[in-house]
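Per our numbering, the very first residue in the sequence shown carries number 31; after that it's consecutive.
Worksheet: one structure, shown below.
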Amino acid sequence: MCAISAFEINLNNKKNSYKKMKSTLLYAIAMLLTVNTFANKLIIQASGTSFTPNTGTIQLGDTVIFQWVDGFHTTTSTAVPTGAASWDEVLSSSATSYMYIPTVAGTYSYKCTPHESMGMTGTFTVTNLTGVGEVSKQDVVQVFPNPASEQLNIKISSAKNFSYNITTLDGRIMQQTENAKTDQLLIDVTAYAKGVYLININSEGKRITKKFTID
Ligand SMILES: [Cu+2]
């Protein structure tokens, strides 16, 4: 939102280049919408005797990917927030990545079991969705039935403009829509393969991610 304010000031100062600035502004808004539409990834590489980066902050709905670079390692949780899943996975030439999607905000600590004594540990922090307002409450968006097989209902109790996309767990976009304005969506999922998907809903700069299953 700061970027938009800066552009607005520029618009007032340079009226003769108004048209050019306007198209730049629209482009910037389009880019913001595009960026907000995707869940982010925190990629943590395991190499030598360290994780890189070994700290980081992400939002709920983002994905953590541990990537093997060399050697033999594990990624093993040592502390997770209450209600979050722990993990213990090998990272080696035959298991080169492990993906973890936090479902609870808080601080997560992990280690590499063989190299813990050499300081091969790390943490990441998962924050609730950015922005202020009621839309960050999980019950504002209902996705049902779950699991679904033919149609998915999305009910949004604050009928604001929103955009959404549906992705696979590894981030492949199944479909996306900008500027929906309704309190209920009916999505045809008959063409979806069985599995777990994420629906990311953006409304006024806030994001909610819900997981659902197709069976
Ligand atoms: Cu290691």
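Here a beta-carbon is modelled for each residue, glycine too, at the ideal position from N, C-alpha and C.
It should be emphasised that the depicted structure is a prediction, and the values quoted were computed from it without experimental measurement.
### Proximity to P144 [Cα-Cα], best of V120, T93, A210 and D245
V120
### Task
Evaluate G152 with the Cβ neighbour count: other Cβ atoms within 10 Å of its Cβ, from every protein chain shown; 16 or more gives buried, anything less gives exposed.
buried
### Query
How far does the beta strand (DSSP E) with K241 in it reach, from first residue to last?
K236 to I244
### Message
Taking a contact to mean a Cβ-Cβ separation below 8 Å, would you say L182 touches V156 in this structure?
### Response
no
### Query
Going by other Cβ atoms of all chains shown within 10 Å of its Cβ, with 16 needed for buried, is K224 buried or exposed?
exposed
### Query
Since I131 contacts L199 with CB under 8 Å, what's their CB separation in whole angstroms?
7 Å
### Message
Measuring only the C-alpha atoms, how far is V278 from I73?
### Response
A question about residue 278 goes unanswered here, because the residues of the chain that appear run from 31 up to 245.
### Message
Quick test of your reading: T207 and Y194, contact by CB under 8 Å. State the CB separation rounded to the nearest angstrom.
### Response
6 Å
### Task
Whole angstroms is fine: what's the gap from T82's alpha carbon to S116's?
20 Å
### Query
DSSP three-state call for M129: helix, strand or coil?
strand
### Query
Alpha carbon to alpha carbon, what distance is there between G149 and Q205?
42 Å
### Query
Does DSSP put S147 in a helix, a strand or coil?
helix
### Query
In angstroms, rounded to a whole number, what distance separates the CA positions of K241 and I229?
6 Å
### Task
Give me the Cβ distance between A114 and T133, rounded to the nearest whole Å; I'm assuming they're in contact under 8 Å.
6 Å
### Task
From the DSSP output, in three-state form, read off G152 for me.
strand
#### Entry: Host beta strand (DSSP E) of V120 (start-end)
D118 to L121
### Message
Per the DSSP calculation, V171 is bridged to which residue(s)?
### Response
I186
### Task
With a threshold of 7 Å, establish whether the CB of A76 neighbours any heavy atom of ligand 1.
yes
### Task
List the endpoints of the continuous beta strand (DSSP E) containing A135.
Per DSSP, A135 belongs to no beta strand (DSSP E) and is neither H nor E.
### Message
In this structure, how does DSSP classify D218 when only helix, strand and coil are distinguished?
### Response
strand
### Query
Do P144 and ligand 1 come close, with the Cβ less than 7 Å from some heavy atom?
yes
### Query
At what residues does the beta strand (DSSP E) containing K71 begin and finish?
K71 to S77
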